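Chains as they are written, first to last, in the numbering used here: chain X, 201 to 432; chain U, 201 to 432.
Take a look at the structure set out below.
Number of protein chains: 2
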Amino acid sequence: MAGRIRSNDPEGVRRRILDTAFEAFQAGGYHATSVQDLLRLSGLSGGALHHHFPTKKALGLAVLRERVAPAVEMTWIAPVREAASAREGIVQVLAAIRSELDRRGAVRGCPLGNMASELALADPDFRTVAAHLFAAWRSAIAAKLREDDAPGDAEALASTIVAACSGAMAQAKAAQDSAALAACANTLAQLLTSPRHDSTMIEPVPAQSRKGRRVSVSSDLAGPVQTELALE
Amino acid sequence: MAGRIRSNDPEGVRRRILDTAFEAFQAGGYHATSVQDLLRLSGLSGGALHHHFPTKKALGLAVLRERVAPAVEMTWIAPVREAASAREGIVQVLAAIRSELDRRGAVRGCPLGNMASELALADPDFRTVAAHLFAAWRSAIAAKLREDDAPGDAEALASTIVAACSGAMAQAKAAQDSAALAACANTLAQLLTSPRHDSTMIEPVPAQSRKGRRVSVSSDLAGPVQTELALE
DNA sequence: CCTAAAACAGGATGATCAACCTGTTCACGA
DNA sequence: TCGTGAACAGGTTGATCATCCTGTTTTAGG
Chain X
201 MAGRIRSNDP EGVRRRILDT AFEAFQAGGY HATSVQDLLR LSGLSGGALH
251 HHFPTKKALG LAVLRERVAP AVEMTWIAPV REAASAREGI VQVLAAIRSE
301 LDRRGAVRGC PLGNMASELA LADPDFRTVA AHLFAAWRSA IAAKLREDDA
351 PGDAEALAST IVAACSGAMA QAKAAQDSAA LAACANTLAQ LLTSPRHDST
401 MIEPVPAQSR KGRRVSVSSD LAGPVQTELA LE
Chain U
201 MAGRIRSNDP EGVRRRILDT AFEAFQAGGY HATSVQDLLR LSGLSGGALH
251 HHFPTKKALG LAVLRERVAP AVEMTWIAPV REAASAREGI VQVLAAIRSE
301 LDRRGAVRGC PLGNMASELA LADPDFRTVA AHLFAAWRSA IAAKLREDDA
351 PGDAEALAST IVAACSGAMA QAKAAQDSAA LAACANTLAQ LLTSPRHDST
401 MIEPVPAQSR KGRRVSVSSD LAGPVQTELA LE
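Given below as structure tokens:
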């Protein structure tokens, strides 16, 4: 009567669920993804999912805590902490994200921004976790700004930098074009160029021509926009 | 067998549907709001809704075009256009939004950002409309920046400003605190204070207290507002 | 006044949803 | 080796979903 091979690998199964859910939530959103979608995509059974995560909400919170949070840590916090300056770190991270997006061919937005936007008002638990993740992101940049002896309020500046980056990703997602990220990187680099410490002005835009300009992005809208996830 | 009073007011019914849907989509999101929720909230019948909007997607697109677009026009484009400068306009709009949020007691985020984030990847039609709305918002600020003879690339700067404002609203939504908006306003004001053209420094960090700045956006809202944006 | 079309009302429908439940298989300690 | 509980498999459940259908009222045109 054995219908399916049982690996009996709790950690592996749990990891597969979280990976599949993180991917699907980014691609189509939390509410647009059904648990049956996750079963289909992961190849697991309903019992397995229900064993590890009794409710969809528990799964969503786990995705936030165990996938989105590490993504923020790995993409933003660690690189900024280890960069020479806040300016350097931010520019490098944005460049990395941009190349990653161009390589992928589709822009899916900021993982934290996507889930926070959809779920913050829906449930206080989601909202609290999202608020903490935003705060951690902000704090990492603020700490680096203080380390740089940047003028002004580090917290307020960090808050605006986080806002600009997540907002740029939202714009890039809507336009399916990474130009907004390039603009954000250039503007922030200019903003963070302290005149008294560093006299090197960054160029406004690398390949600029006033009228009909187009930020140089290797692959524009040509690539396949849709992922393999069929979520109409 | 007349069960319900029929007003037979097509425009009014259509308006009520759109208003209810706009409100519900902001409060809970598109997918989290069922059509039965809308019927309950509006007090209308399923037949009425189906007559005006055959599908939920059609309703969602209409909300974007006929409610979100005018909101962007009224909240951002017109005030910025009529302000003394881009800097003045942006600071005033952010102050107006902040006082509106504080008065309301809850932060629901950027109407465009919310719907765009949830629906951009779900459907190309939604994505296209959202992209156009972002572009219109961006263009209005860029035009004002050029009018001010601001240094640098006006389009890139406008893109970052839009990103910062929508991102600040997303953060404020997650934190249920308008501090991110205040930080955004101060940082942008400083960014837009050109040292070579204008030596007035913005006050360092009055995050919660503001001086006697006018919040006269409401008078702008009352004026003649073009409700149709160029959509495709 | 008559007719046709628009503008609704009020369910009906099949699909899909999240949650759960019973049964089976495994790991592991005694 | 036996027992116990974790780790699944696979199907079921009642609710809810978006959509559509039939019937009735109203408006508009001739």
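Glycine included, every Cβ here is placed at the ideal spot set by N, Cα and C.
Fair warning: this is a prediction, and the values are worked out from it, not measured in the lab.
- X:V272 has a beta carbon lying at 8 Å or more from every beta carbon in chain U.
- Residue nearest to U:L301 within the set U:A372, U:L218 and U:G243 is U:A372 (criterion: CA-CA distance).
- By the criterion of at least three beta-carbon pairs nearer than 8 Å, the region 316-331 of chain U is in contact with the region 363-379 of chain X.
- For a Cβ distance threshold of 7 Å, nothing in chain U lies close to X:V263: the least Cβ distance comes to about 16 Å.
- Bounds of the alpha helix (DSSP H) holding U:A262 are K256 to V263.
- For a Cβ distance threshold of 8 Å, nothing in chain U lies close to X:S245: the least Cβ distance comes to about 25 Å.
- X:A380 is a Cβ neighbour of U:S359, given a cutoff of 8 Å.
- Residues of chain X whose Cβ lies closer than 7 Å to the Cβ of U:K344 do not exist; the shortest such Cβ separation is about 16 Å.
- Classified as buried, U:H332 has 16 or more neighbouring CB atoms from the shown chains inside 10 Å of its CB.
- Note that the C-beta distance between U:I341 and U:A286 is below 8 Å.
- Look at the region 283-343 of chain X and you find no whole run of beta strand (DSSP E) that is 3 residues long or longer.
- Three or more beta-carbon pairs drawn from the region 304-320 of chain X and the region 304-317 of chain U are found closer than 8 Å, and the two stretches are therefore classed as touching.
- Ranked by Cα distance from X:R304, the first of X:E273, X:L357, X:E288 and X:A227 is X:A227.
- Assigned with DSSP and collapsed to three states, X:A380 falls in helix.
- Counted as a single uninterrupted DSSP element, the stretch harbouring U:D348 is not any alpha helix (DSSP H), since DSSP gives it neither H nor E.
- Chain-order list of chain U residues neighbouring X:A330: A374, by C-beta distance under 8 Å.
- When CB distances to chain X are screened at a threshold of 7 Å, the residues of the region 304-338 of chain U falling below it are R308, G309, G313, N314, A316, S317, E318, A320, L321, A322, R327, A330, A331 and F334, in chain order.
- Nearest to U:A284 by alpha-carbon distance, out of U:L264, U:S234, U:R308 and U:E347, is U:E347.
- Take U:L294, set aside five residues on each side of it, and the residues of its chain with a beta-carbon closer than 6 Å to its own are L381 and A385, in chain order.
- Chain U has a Cβ within less than 8 Å of the Cβ of X:L357.
- With the rule of 3 Cβ pairs closer than 8 Å, the region 361-370 of chain U counts as touching the region 349-367 of chain X.
- In this structure, U:D237 sits near U:A224, with a CB-CB distance shorter than 8 Å.
- Around the beta-carbon of X:S299, fewer than 16 other beta-carbon atoms lie within 10 Å, marking it exposed.
- Under the Cβ criterion of 8 Å, U:Q292 is not counted among the residues facing chain X.
- In this structure, X:V263 sits away from X:W337, with a CB-CB distance that is not shorter than 8 Å.
- Neighbourhood of X:A227 in chain U, by CB distance below 8 Å: L321, in chain order.
- In the three-state scheme derived from DSSP, where H, G and I count as helix and E and B as strand, X:D209 is classed as coil.
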